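Undergrad:
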Amino acid sequence: MPTLTIDNRPVTVPPGANVLEAAKVLGIVIPHFCYHEALGAVGACRLCAMTFTEGPVKGVQMACMVEAKDGMVVSTLDAQAQEQRAHVIEWLMMHHPHDCPVCDEGGECQLQDMTIAGGHAVRRYRGKKRTFTNQQLGPFIEQEMNRCIQCYRCVRTYRDYCGGSDFGVLGSRDRLFFGRLRDGALASPFAGNLVDVCPTGVFTDKTGRFRARYWDYEFAP
3 MPTLTIDNRP VTVPPGANVL EAAKVLGIVI PHFCYHEALG AVGACRLCAM
53 TFTEGPVKGV QMACMVEAKD GMVVSTLDAQ AQEQRAHVIE WLMMHHPHDC
103 PVCDEGGECQ LQDMTIAGGH AVRRYRGKKR TFTNQQLGPF IEQEMNRCIQ
153 CYRCVRTYRD YCGGSDFGVL GSRDRLFFGR LRDGALASPF AGNLVDVCPT
203 GVFTDKTGRF RARYWDYEFA P
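For what it's worth, the numbering used here labels the leading residue of the sequence shown as 3, then goes sequentially.
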């Protein structure tokens with residue numbers, strides 16, 4: 003099993019684990035969105051930047067895309083890596099609607115958590131925000147596309163776990179839309195998983211909308 007050093011702390015991880023997973027073993031919080039334990043990583047959000055000083059790769063790299071190797075020396079505190087993460091967070095928040103008080107994901111939102119972890123506190127952009135028209139996706143899922151950060155978790159979940167083919171990504175460049183070709187209920191009976199996997203509240207539970215926060219619900223096994 004490879005042993006590497008992150009922020010002067012050694013860690014041993016199973017073969018095939020990536021460096022972001024190694025950092026999590028040490029309890030190091032690095033902002034990330036596209037990576038998910040069940041989905042793996044695609045390097046879409048460009049947020050988990052770390053500086054590699056020893057090993058097969060060098061410089062600032064996306065930790066989720068680098069397999070942990072024996073002898074690697076990595077820093078999450080390097081100024082260049084911190085600057086990279088700060089720029090990405092600022093870019094993601096540039097078009098975000100900042101509607102946390104009325105968003106059902108508020109308080110349980112990974113974007114909120116990662117924005118704080120990334121040290122973002124001041125919004126400099128004063129231009130017009132990018133907006134989308136939402137789709138009607140049936141009686142159970144509410145869509146708010148303006149909150150999307152293009153992490154691709156939803157399309158990967160729907161394709162790989164829900165087994166559906168009527169949901170995907172449309173458009174190009176910075177005008178990506180995650181949904182169906184036209185309004186309509188999602189065909190997969192497992193489509194409700196989109197609510198759980200989305201980190202920003204693009205997809206929320208329509209049946210409980212504006213009724214309670216997630217921590218107010220009672221859960222049963």
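Cβ coordinates follow ideal geometry from the N, Cα and C atoms, glycine included. In this text, all values refer to a predicted model and were calculated from it rather than measured experimentally.
My output table needs one value for residue 51: the three-state DSSP class, helix, strand or coil.
TA: Within the sequence shown, residue 51 is the residue found at index 49, counting from 1. DSSP places residue 51 in strand when its eight states are reduced to three.
Undergrad: Below 8 Å on the Cβ atoms is my contact criterion, and I expect residue 224 with residue 50 to pass it. Report the Cβ-Cβ distance as a whole number of Å.
TA: This structure cannot speak to residue 224, because the chain is shown only from 3 to 223.
Undergrad: Residue ranges of each alpha helix (DSSP H) run of no fewer than 4 residues wholly in the segment 130 to 209, ordered along the chain?
TA: Fully enclosed alpha helix (DSSP H) runs of 4 or longer: 155 to 162 and 195 to 199.
Undergrad: Suppose contacts are defined by Cβ-Cβ distances below 7 Å. Is residue 96 in contact with residue 127 by that definition?
TA: As a first step, residue 96 is located in the sequence shown; it is residue number 94 there, counting from the start. As a first step, residue 127 is located in the sequence shown; it is residue number 125 there, counting from the start. Going by C-beta atoms, residue 96 is nearer than 7 Å to residue 127.
Undergrad: With a threshold of 8 Å, are at least 3 pairs of Cβ atoms found where one atom belongs to the segment 160 to 175 and the other to the segment 111 to 119?
TA: Touching, no.
Undergrad: For residue 135, which residues of its own chain have a beta-carbon under 8 Å away from its beta-carbon, when the five flanking residues on both sides are left out?
TA: Position 133 of the sequence shown, counting from 1, holds the residue named residue 135. For residue 135, where only same-chain residues beyond five positions count, the Cβ hits under 8 Å are 147.
Undergrad: Using only alpha-carbon positions, find the residue among 104, 189, 83 and 15 that is nearest to residue 55.
TA: Here residue 55 is taken as the residue at index 53 of the sequence shown, counted from 1. When each option's Cα is compared against that of residue 55, the closest is 83.
Undergrad: Between the segment 184 to 201 and the segment 85 to 100, can you find at least three pairs of beta-carbon atoms closer than 8 Å?
TA: Counting Cβ pairs under 8 Å, fewer than three are found: no touch.
Undergrad: Does the Cβ-Cβ distance between residue 24 and residue 15 come in under 7 Å?
TA: Counted from its first residue, the sequence shown places residue 24 at position 22. Counted from its first residue, the sequence shown places residue 15 at position 13. Yes, Cβ-Cβ distance for residue 24 and residue 15 is below 7 Å.
Undergrad: Where does residue 226 fall in DSSP's three states?
TA: Because residue 226 is not part of the residues shown, which for the chain are 3 to 223, the question remains open.
Undergrad: Are the segment 208 to 219 and the segment 174 to 190 touching, with three or more C-beta to C-beta distances below 8 Å?
TA: No, they do not touch.
Undergrad: For residue 9 and residue 155, I'd like the C-alpha separation in whole angstroms.
TA: The sequence position of residue 9 within the sequence shown is 7, counting from 1. The sequence position of residue 155 within the sequence shown is 153, counting from 1. Their backbone Cα atoms lie some 29 Å apart in a straight line.
Undergrad: Please specify which runs of the beta strand (DSSP E), each continuous and at least 3 residues long, are wholly inside the segment 5 to 85, giving them in chain order.
TA: DSSP runs (the beta strand (DSSP E)) wholly in the segment 5 to 85: 5 to 8, 11 to 14, 51 to 56, 61 to 64 and 75 to 77.
Undergrad: Using a Cβ-Cβ cut-off of 7 Å, state whether residue 119 counts as contacting chain D.
TA: Given the protein chain composition of this structure (a single chain), no chain D is represented.
Undergrad: With distances taken between CB atoms, is the gap from residue 72 to residue 5 smaller than 7 Å?
TA: As a position in the sequence shown, residue 72 is number 70, starting the count at 1. As a position in the sequence shown, residue 5 is number 3, starting the count at 1. Against a cut-off of 7 Å, the Cβ pair of residue 5 and residue 72 comes out as a contact.
Undergrad: Leaving aside the five residues before and after residue 58 along the sequence, list all residues of the same chain whose C-beta is less than 7 Å from its C-beta, in chain order.
TA: Position 56 of the sequence shown, counted from the start, is the residue given in the question as residue 58. Cβ within range, chain order: 71.
Undergrad: Reducing DSSP to helix, strand and coil, say where residue 115 ends up.
TA: Here residue 115 is taken as the residue at index 113 of the sequence shown, counted from 1. Note: residue 115 maps to helix in three-state DSSP.
Undergrad: By the three-class DSSP mapping on this structure, what secondary structure does residue 124 have?
TA: Position 122 of the sequence shown, counting from 1, holds the residue named residue 124. In the structure shown, residue 124 sits in coil (DSSP, three-state: anything other than H, G, I, E or B).
Undergrad: Under 7 Å Cβ to Cβ from residue 133, same chain only, skipping five residues before and after it: list those, please.
TA: In the sequence shown, residue 133 corresponds to position 131, counting from 1. Excluding sequence neighbours, residue 133 sits near 148.
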